[in-house]
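Residue numbering for the sequence shown follows the working numbering, beginning at 5 and increasing consecutively.
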Amino acid sequence: MSNISGFKEKMLSGQILAGTFLKTPNYILVEVLAQSKLDFICIDAEHAPFDRAALDQCLAISRALDFPVFVRVGEGSAKEILWALDSGAVGLVIPHVDSVEKAEFISKSARYGLGGRGFAGSSRWAGYATDHMPSLIKRSFEETIVLAQIEEPAGVEKATEIASISGIDGLFVGPADLSVGYGYDHQNSDELKAALISVGEAARNENKAFVSFVPNAEKAKEWNNDFGITMFFI
Numbered sequence: 005m006s007n008i009s010g011f012k013e014k015m016l017s018g019q020i021l022a023g024t025f026l027k028t029p030n031y032i033l034v035e036v037l038a039q040s041k042l043d044f045i046c047i048d049a050e051h052a053p054f055d056r057a058a059l060d061q062c063l064a065i066s067r068a069l070d071f072p073v074f075v076r077v078g079e080g081s082a083k084e085i086l087w088a089l090d091s092g093a094v095g096l097v098i099p100h101v102d103s104v105e106k107a108e109f110i111s112k113s114a115r116y117g118l119g120g121r122g123f124a125g126s127s128r129w130a131g132y133a134t135d136h137m138p139s140l141i142k143r144s145f146e147e148t149i150v151l152a153q154i155e156e157p158a159g160v161e162k163a164t165e166i167a168s169i170s171g172i173d174g175l176f177v178g179p180a181d182l183s184v185g186y187g188y189d190h191q192n193s194d195e196l197k198a199a200l201i202s203v204g205e206a207a208r209n210e211n212k213a214f215v216s217f218v219p220n221a222e223k224a225k226e227w228n229n230d231f232g233i234t235m236f237f238i
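Set out below in structure tokens:
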């Protein structure tokens, strides 16, 4: 099993995983980071200027080196999801998931069938027509990862329902946006801590990954101990 195809199983096992965001649209940086001890990286197409060509180049390198790379898309549209997955992303980070309806939409859009992801056996993800349709459909469910970012108080309130949706593989608390949503200019509020506790419980009760962003390894250790987070974007 490759690093990419086996990443979802590793993530859901509760193993501590560490990665970072890639903000510069340069495929050479993917090549460099693949030599590091990071478990994954995430191309930030929400807050950095990645067009489809730059995204595709970065994901080509990731596939060639068997290095798991996520893509945080801008909005969570079906087109954005399709482009990232066809180019070879191991999974998606979808920002601002604050309703069951959005969670259901992104889950469906990331998998083949039922009016979801458009099928193309000729894509990089599909091995350029070297795999068969039954295998590809199965892989789209077994290997593709969808992380729902909980970044608003409304998302916290719906976390239990969002976590229960098949195809949502993890809940990713965005501490900065969530703090702003609660009316703070820092990330130390009691409301944020309560949100981390409740979202973590929602994730664990459904055997989903619990994910967040932290500034350093010390904070990762603290939040693993205090809140049970196991996958960190640093």
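Even for Gly, the Cβ is constructed at its ideal location relative to N, Cα and C.
So which of V75, L196, L69 has the shortest CA-CA distance to A49?
For this step, residue 49 is matched to residue 45 along the sequence shown. The shortest Cα separation from A49 among V75, L196, L69 belongs to V75.
In its own chain, which residues sit with a C-beta less than 6 Å from the C-beta of P138, not counting the 5 before and 5 after it?
Sequence index remark: in the sequence shown, residue 138 carries index 134 (1-based). Within the same chain, P138 has no close Cβ partners at all.
Is it buried or exposed for M5, if we count other Cβ within 10 angstroms and need 16 for buried?
By 1-based counting over the sequence shown, the position of residue 5 is 1. Label assigned to M5: exposed.
Distance between beta carbons of I154 and L175, contact taken as under 8 Å
Counting from one through the sequence shown, the residue named residue 175 turns up at place 171. Counting from one through the sequence shown, the residue named residue 154 turns up at place 150. Indeed, because the Cβ distance is near 6 Å, the residues count as touching under 8 Å.
Quick check on the DSSP output: the alpha helix (DSSP H) that includes G159 runs from which residue to which?
On the sequence shown, residue 159 is found 155 positions in, with the first residue counted as 1. Here the alpha helix (DSSP H) through G159 covers 157-161.
Thinking just about the alpha-carbon of each residue, which of N30, E210, D181, A152 is nearest to the one in S168?
On the sequence shown, position 164 is the one that residue 168 refers to. Ranking N30, E210, D181, A152 by Cα distance to S168 puts E210 first.
Tell me whether R115 sits in a helix, a strand or coil according to DSSP, three-state version.
If you number the sequence shown from 1, residue 115 lands on position 111. R115: coil per DSSP, three-state reduction.
Can you pull the DSSP bridge partners for V73?
As a first step, residue 73 must be located in the sequence shown, where it is residue number 69. Answer is I45.
Which term fits V34, buried or exposed, when burial requires 16 or more other beta carbons within 10 angstroms of its beta carbon?
Reading the sequence shown from its first residue, position 30 is the one you call residue 34. With 16 or more other Cβ atoms within 10 Å, it is buried.
Report the option in L63, D173, S103, G204 whose CA atom is closest to the CA atom of L37.
Numbered from 1 along the sequence shown, position 33 holds the residue referred to as residue 37. Ranking L63, D173, S103, G204 by Cα distance to L37 puts L63 first.
Neighbourhood of H100 by C-beta distance below 6 Å, restricted to the same chain and skipping five residues each side
Reading the sequence shown from its first residue, position 96 is the one you call residue 100. Here the set comprises E155.
Does the Cβ-Cβ distance between K212 and D181 come in under 8 Å?
Along the sequence shown, read from residue 1 onward, the residue named residue 212 stands at position 208. Along the sequence shown, read from residue 1 onward, the residue named residue 181 stands at position 177. Their beta carbons are not under 8 Å apart, which means K212 does not touch D181 by this criterion.
Would you list the residues sitting across from T148 in a DSSP beta bridge?
In the sequence shown, the residue the question calls residue 148 occupies position 144. Answer is none; T148 lacks a bridge partner.
Inter-residue CB distance, A107 and A152 (contact presumed, cutoff 8 Å):
Position 103 of the sequence shown holds residue 107. Position 148 of the sequence shown holds residue 152. A107 to A152, Cβ: 6 Å. Contact.
Which of helix, strand or coil DSSP assigns to R121
In the sequence shown, counting from the first residue as 1, residue 121 sits at position 117. R121: strand per DSSP, three-state reduction.
Mind checking E105: buried by the 16 CB within 10 Å criterion, or exposed?
Position 101 of the sequence shown, counting from 1, holds the residue named residue 105. That one is exposed.
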